[in-house]
Each structure stands twice: as structure tokens, then as C-alpha cells.
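Just below is one structure, and these are the notes that go with it.
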Amino acid sequence: MASRAHRATIAAVHSEANLLALECFETTRLGDTTGLAHVPVERIVDEFPGYHAKVSTASQPFAARAAWIEEQTPEGPRHEIWLRPEDSAAGKRFSMAHELGHFMLKQHLGVIDRILTQAGGQMSREVLAERISDEFASLLLLPAPMLKSQFDVLRAERDGLLYLEQFAARKGVSLTMLAKRLSQVFRPGPKGWFFVTADFDVARTQGVGFALRVRTRVCPARYYLPTNQRLTSLGLGCVAARFEEMRPFSSEEWCAEALMQLRSVWRRVKVDCEGVSKKYATRSGYSYLALFGRIKSEI
Ligand SMILES: [Zn+2]
22 MASRAHRATI AAVHSEANLL ALECFETTRL GDTTGLAHVP VERIVDEFPG YHAKVSTASQ
82 PFAARAAWIE EQTPEGPRHE IWLRPEDSAA GKRFSMAHEL GHFMLKQHLG VIDRILTQAG
142 GQMSREVLAE RISDEFASLL LLPAPMLKSQ FDVLRAERDG LLYLEQFAAR KGVSLTMLAK
202 RLSQVFRPGP KGWFFVTADF DVARTQGVGF ALRVRTRVCP ARYYLPTNQR LTSLGLGCVA
262 ARFEEMRPFS SEEWCAEALM QLRSVWRRVK VDCEGVSKKY ATRSGYSYLA LFGRIKSEI
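Residue numbers for the sequence shown follow our numbering, so the first one is 22 and each next one is one higher.
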């Protein structure tokens, strides 16, 4: 269970990151995002004063997802982000938005102090800066007005995971990011369907082995499923074990098993559900699972 101070930090990170994202939309005159097909993050980055993104063609590969370089020019300092050419389009969009988040934090030095004062100092400045930049990226790439006006809950209920995949692809974001924003914007979750993603949280488990944890979930309020918990400690151990064996494809058999376990997690509200699951793998070998289902009835 997350402590009260931790929850306060998360809430403060969210609201500060939201202000920074709104400022970006205003600065680049993208004020209303309701009708945007997708957020033109490259344009935002290029039009942002003193900032610029470019895909690295350097022969020297770098380990980080993206690098941030400050150059002195006659017109003043110019900031440039270098992206890894091998990353997917969605990965590059995320990196651009995340690095822009760091840049915004440099322009607003008070933000981190404000969060530390509000929520107590249990997080280092570095970790906090990463959290804010991640949150900023998801708020920039999937703004609430866009989701509210364009995400079709009824279609999600009908077409399930396929619709979510297509929606995420159109917006140029990962499925996990979409799930995270859906759970924020539609909290406590649209009735009737649930969507869960899980992956290995390397930062949290470093040194103590890997554990598959719930990353994001959109569930109706009464079907509680805490995030950041190990699947094994939630009674979904079999899902975690099978995830290891699975190649990146969807499996009906595995999904049935996962749903059976979920039903037992939700045994307090007896539920009849159906769904699909899929294991995704990125080129860098990072993999995660998505489980989408409909709650047909409560028994
Ligand atoms: Zn970062």
C-alpha cells in the first residue's frame, strides 16, 4: 500500500506536470487540443524557444533513451535532444516529450522545491525530476480534452484491445501510456470493461531480481486492483509464470487462465468476465502484457 505521503507526492507531481504541459500548449499556440488528430510533439519541441530535437546520426551510440545537449551559439544557449535512430516512432515521441519536460523543469526551478515542501522529502531530486518528466510526457501526448472528446468508450467496450491498440497507434503513444491516461481521465473507469497492463519495473527491483508488476489499470471502482504490486502477491502468480514462457503473441488459453485468476482476485464481487490478452515486445527486448476484458455480469 502506498503511504499517504507517497500519494501526496504523486498528486503534486501530476498537478505540477499538468501546469507545465498547459504552458507548452500555450507557448506554441496549440491551446485547444480537443480536435487534434495527434499532438505534434516534434513541432512543439522545434517551436519552443531555445529548443530543438534531432534524430542522432552520430556513429557513437549512446546508452540512454535520449541525450540532452546544451550548445552555445551567438544567439545564446540552444538546447538539442538527440534521439536514438533505432527507437520506434512512439518511443521517439515519448523521448522528445520527456526531455522537453526536463527542459521545462530547468526553466521553472521552483517546481521540485514546491513538491518537496508539499509532500515531504522522501524522494531524491533526481528521481523526482524523472517522475515529473514522465508525467509531463503523458499529459502532453494525451491531453484530457483530446481523450474526453475522442476516446469512444462504447467502441472500447465493443472492440476491446484492438480499439485500444488502434487508438494508441493513431496518437503515437504506447498502450501503457494510454492505459495510464485512461485511468486518470475516466477514473474510476468506464463501467463494464477493464484494462490492465503489467511489466517489469527495473528501477524498483534492481538488485533483488525481476518481478512482474501491475503498471496501469482501468477498472470500475469496485474491482480494485492496486498498481505497482507484484502479480504474484495479488494472487496472479500463474499469469506471471506464463508470461515468461510466452512469445510475443496473444494466447486464448493463457487469457482464460488469467481471467480465472482475476475472478478469484475479485471474489468479493463475484463476476463473470471475458477478454483478450497479449504480450508485447519492443525491439529493445522490453516486454509487457495487456489484458482487456468485459465484465458480463455479477453473479
Ligand atoms: Zn529523464
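Where is the CB? At the ideal position from N, CA and C, for every residue including glycine. Bear in mind that the values here come from a model prediction, so they are computed numbers and not experimental data.
Checklist entry - By how many angstroms is the C-alpha of arginine 99 removed from the C-alpha of alanine 200? => result 35 Å
Checklist entry - Is serine 24 near ligand 1, judged by its Cβ being under 6 Å from some heavy atom? => result Short note on serine 24: C-beta not closer than 6 Å to any heavy atom of ligand 1.
Checklist entry - What is the DSSP secondary structure of valine 229, reduced to helix, strand or coil? => result In this prediction, valine 229 scores a pLDDT of 47, lower than 50, which makes its location untrustworthy; no coordinate-derived value is stated.
Checklist entry - Cβ-heavy atom distance between glutamate 278 and ligand 1 below 6 Å? => result no
Next on the checklist: With a threshold of 6 Å on Cβ separation, who are the neighbours of alanine 242 within its own chain once the five nearest residues in sequence on each side are excluded?
Outcome noted: Pro209
Next on the checklist: Under DSSP, the beta strand (DSSP E) around glycine 213 begins and ends at which residues?
Outcome noted: Premise fails: glycine 213 is in no beta strand (DSSP E) and is neither H nor E.
Checklist entry - Per the contact definition of three or more C-beta pairs closer than 8 Å, is the region 61 to 71 in contact with the region 138 to 153? => result no
Next on the checklist: If I follow the unbroken alpha helix (DSSP H) through histidine 35, where does it start and stop?
Outcome noted: 25 to 48
Checklist entry - With burial defined as no fewer than 16 other Cβ atoms inside 10 Å of the residue's Cβ, what is the status of valine 217: buried or exposed? => result Valine 217 should be labelled buried.
Checklist entry - What did DSSP end up calling alanine 150 once you bin it into helix, strand or coil? => result helix
Item to check | Those residues which DSSP pairs with threonine 218 across a bridge | outcome: Thr237 and Ala311
Checklist entry - Should methionine 198 go down as buried or exposed, given a rule of 16 or more other Cβ atoms within 10 Å for buried? => result Answer is buried; the Cβ neighbour count reaches 16.
Item to check | Inside the region 132 to 186 only - alpha helix (DSSP H) runs reaching at least 4 residues | outcome: Runs of the alpha helix (DSSP H) inside the region 132 to 186: 146 to 162, 165 to 171 and 174 to 180.
Checklist entry - How far does the beta strand (DSSP E) with glutamate 101 in it reach, from first residue to last? => result 97 to 104
Next on the checklist: Tell me whether the region 39 to 54 and the region 123 to 133 touch, counting them as touching only if at least three CB pairs, one residue from each stretch, are closer than 8 Å.
Outcome noted: yes
Item to check | Residues near lysine 113 by beta carbon distance below 6 Å, same chain, minus five either side | outcome: Leu104
Checklist entry - Just the Cα atoms here: how many angstroms apart are glutamate 37 and threonine 94? => result 31 Å
Checklist entry - How long is the line joining the alpha carbons of glutamine 227 and arginine 234, rounded to whole angstroms? => result Because the pLDDT at glutamine 227 is just 47, under 50, the model does not fix this residue reliably, and the value given afterwards should be weighed accordingly. Their Cα atoms are separated by approximately 14 Å.
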